[in-house]
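Single-structure report; data block below.
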Amino acid sequence: MAVILLLSGPNLNLLGTREPHIYGTDTLDDCIADARDAAEAHGHTVEHVQSNHEGDLVDAVQGARGRCAAIVVNPGAYTHSSFALADALAAYDGVTVELHLSNPASREEWRRTSVVAPYVTGTVAGFGRAGYRLAVEAAVARMGSA
Ligand code: DQA
Numbered sequence: 000m001a002v003i004l005l006l007s008g009p010n011l012n013l014l015g016t017r018e019p020h021i022y023g024t025d026t027l028d029d030c031i032a033d034a035r036d037a038a039e040a041h042g043h044t045v046e047h048v049q050s051n052h053e054g055d056l057v058d059a060v061q062g063a064r065g066r067c068a069a070i071v072v073n074p075g076a077y078t079h080s081s082f083a084l085a086d087a088l089a090a091y092d093g094v095t096v097e098l099h100l101s102n103p104a105s106r107e108e109w110r111r112t113s114v115v116a117p118y119v120t121g122t123v124a125g126f127g128r129a130g131y132r133l134a135v136e137a138a139v140a141r142m143g144s145a
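Heads up: the sequence shown is residues 0 to 145, going by numbering that gives the first Met the number 0.
Written as structure tokens, this is what we have:
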């Protein structure tokens, strides 16, 4: 049994009421429940951390070192700005999946750059709530072969 860290960045606590035309009406709890179900189907567990604060996300990634087999991270807007989070992910040696509900590549110009992308195993974007299950499946598929 392995632990998968699921990390949610700023404003994702507002899912369900935040710009529902972009992010849908499901809550973060709904998304986390899907991720947990997917992990448990493979005998793994999900540990979830949500924070609006960059340093908390860095701390969580550091805390996963040597303890969690994978990290699934939706960094929210820190995707596009946080070199600190990028460095933390670079220093983590398990499987990493960057996850987005929307498809940032098809949105505003400033969302089209991910500073964490060079340090992740792969990315799941644009599939809304279903992405949480898909990202866990992707992580599990690579665990042990990362
Ligand atoms: C997001 C996309 C980001 O550009 C945005 O800042 C978010 C959510 C997504 O899940 O689609 O907060 O990461």
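Each residue gets a CB set at the ideal place from its N, CA and C atoms; glycine is no exception.
Only a predicted model underlies this, so the values are computations on that prediction, with no experimental measurement involved.
Residue i: CB within 8 Å of a non-hydrogen atom of the ligand DQA
| i | result |
| --- | --- |
| residue 10 | yes |
| residue 75 | yes |
| residue 133 | no |
| residue 79 | yes |
| residue 103 | yes |
| residue 52 | no |
Endpoints, the beta strand (DSSP E) within which residue i is located
| i | result |
| --- | --- |
| residue 6 | 2–7 |
| residue 97 | 94–99 |
| residue 46 | 44–49 |
| residue 69 | 69–73 |
Enclosing alpha helix (DSSP H) for residue i [first to last residue]
| i | result |
| --- | --- |
| residue 53 | 53–63 |
| residue 18 | Premise fails: residue 18 is in no alpha helix (DSSP H) and is neither H nor E. |
| residue 130 | 129–141 |
| residue 11 | Premise fails: residue 11 is in no alpha helix (DSSP H) and is neither H nor E. |
| residue 87 | 82–89 |
Expected contact under 8 Å - CB spacing of residue i and residue j to nearest Å
| i | j | result |
| --- | --- | --- |
| residue 123 | residue 96 | 6 Å |
| residue 49 | residue 7 | 4 Å |
| residue 34 | residue 135 | 5 Å |
| residue 101 | residue 22 | 7 Å |
Beta-bridge pairing of residue i - partner residues as DSSP gives them
| i | result |
| --- | --- |
| residue 123 | 98 |
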